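Student: Structure in structure tokens, see below.
Rendered as structure tokens:
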């Protein structure tokens, strides 16, 4: 072998080694089965029932401002200003097309009232979504049990919104529980019997009366087809208090009166 051939062979070997090193850095290792305990599962499959036939959040995002990265560029987990907790009024959701998406929530005789729709990281203008991350483990989902009407919605909300919280799935679902525990539902909704009509302002005032620290400009009522869909509450990032949210508050339902169907 000539000196030139030896040098060319050595150079080719160095280039191959460098390429392999770059590929190893660019490709993250897949999580092992034991990693699921730490909520680092590599499973990327979408939750059943919330990808086909339309998204659960369709019709709601218009109340939150414009979606996507907003003025900060690409969405990054933990980079947001405050939370929005959305509580869905089950019979209103089911009466306006929700029965096809939330069968457990709309089951006849379930008697559900307000249930958690989601806890959403929010910017002052706009909101992040789909910040990337694996599916939550079964251990993490135990934190969500009893909060969401079914586990399919819990998985979907984690993927679309929880991944932008900067928390692990277990921590995020723990925060959902903390946020839900902050809300006192007014008696007229806890002991609801039949259908009735209310103005959006009456609904907001009822929640403000039941929650001493909740003031005007900190919540919004969502309606669809003249029916109550949900109530949204703006909360500080540390979930210690309610806070003003002009963009969300301005999006509240403007209909003079809306139907409030009784529990199924």
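In the working numbering, the protein residues as written are 17 to 280.
Even for Gly, the Cβ is constructed at its ideal location relative to N, Cα and C.
It should be emphasised that the depicted structure is a prediction, and the values quoted were computed from it without experimental measurement.
Can you give me the start and stop residues for the beta strand (DSSP E) that residue 101 sits inside?
Tutor: First-last of the beta strand (DSSP E) with residue 101: 98-105.
Student: Does the region 124-137 come within contact of the region 225-237, defined as at least 3 CB pairs closer than 8 Å?
Tutor: Too few Cβ pairs lie closer than 8 Å, so no.
Student: Can you tell me whether residue 247 is buried or exposed, with buried defined as 16 or more other CB within 10 angstroms of its CB?
Tutor: Residue 247 is buried by the Cβ-count criterion.
Student: Could you name each continuous alpha helix (DSSP H) segment of 4 residues or more that falls completely within the region 207-232, going from the start of the chain to the end?
Tutor: Runs found: 216-226.
Student: Let me check understanding here. Comparing Cα to Cα, which of 222, 255, 267, 157 lies closest to residue 239?
Tutor: The candidate whose alpha carbon is nearest that of residue 239 is 267.
Student: Spatial neighbours of residue 252 within its chain, please: CB distance less than 8 Å, with the 5 preceding and 5 following residues excluded, ordered by chain position.
Tutor: Cβ within range, chain order: 98, 99, 258, 259.
Student: Please list, in chain order, all residues of the same chain as residue 124 whose beta carbon is under 6 Å from its beta carbon, the five residues on each side excluded.
Tutor: Only 280 meet the Cβ criterion.
Student: Give the DSSP bridge partners of residue 240, in chain order.
Tutor: Note: residue 240 sits in a beta bridge opposite 243.
Student: Note down the Cα distance separating residue 270 from residue 189, rounded to an integer number of angstroms.
Tutor: Approximately 32 Å between the Cα atoms of the pair.
Student: To which residues does DSSP link residue 138 through a beta bridge?
Tutor: Partner(s): 98.
Student: DSSP on residue 181, reduced to helix/strand/coil?
Tutor: In this structure, residue 181 counts as coil in the three-state DSSP scheme.
Student: Which of the three DSSP states is assigned to residue 267 in this structure?
Tutor: It is coil, neither helix nor strand.
Student: Are the CB atoms of residue 16 and residue 129 nearer to each other than 9 Å?
Tutor: The structure shown does not extend to residue 16, since the chain is modelled only from 17 to 280, so the question has no answer here.
Student: Specify, as a first and last residue, the run of the alpha helix (DSSP H) that residue 155 falls within.
Tutor: That run of the alpha helix (DSSP H) goes 154-158.
Student: Skipping 5 residues on each side, what residues in its chain have a beta carbon closer than 6 Å to that of residue 110?
Tutor: Cβ within range, chain order: 122.
Student: Return the Cβ separation of residue 192 and residue 160 in integer angstroms, given the expectation that the two are a contact with Cβ distance under 8 Å.
Tutor: Confirmed, Cβ separation roughly 7 Å.
Student: Ordered along the chain, which non-local residues of its own chain (more than five positions away) have a Cβ less than 8 Å from that of residue 216?
Tutor: The answer, listed in chain order, is 237, 239, 268, 269, 270, 271, 274.
Student: Note down, in chain order, each residue of its chain lying with its Cβ closer than 6 Å to the Cβ of residue 173, except the 5 sequence neighbours on either side.
Tutor: Answer for residue 173: 134, listed in chain order.
Student: In or out: residue 219 buried (at least 16 other Cβ within 10 Å) or exposed?
Tutor: With 16 or more other Cβ atoms within 10 Å, it is buried.
Student: Can you name, in chain order, every residue of its own chain whose Cβ lies under 8 Å from the Cβ of residue 211, other than the five neighbours on each side?
Tutor: Closer than 8 Å at the Cβ level, and outside the excluded window around residue 211, lie 275, 276, 277, 278.
Student: If you count every other CB in all the chains shown that lies within 10 Å of the CB of residue 7, and 16 or more means buried, which is it?
Tutor: A question about residue 7 goes unanswered here, because the residues of the chain that appear run from 17 up to 280.
Student: Just how far apart, CA to CA, sit residue 175 and residue 183?
Tutor: Taking the straight line joining both Cα atoms gives about 12 Å.
Student: For residue 258, which beta-bridge partners are listed by DSSP?
Tutor: Answer is 251.
Student: Determine the contact status of residue 170 and residue 152, defining contact as a CB-CB distance below 9 Å.
Tutor: Going by C-beta atoms, residue 170 is nearer than 9 Å to residue 152.
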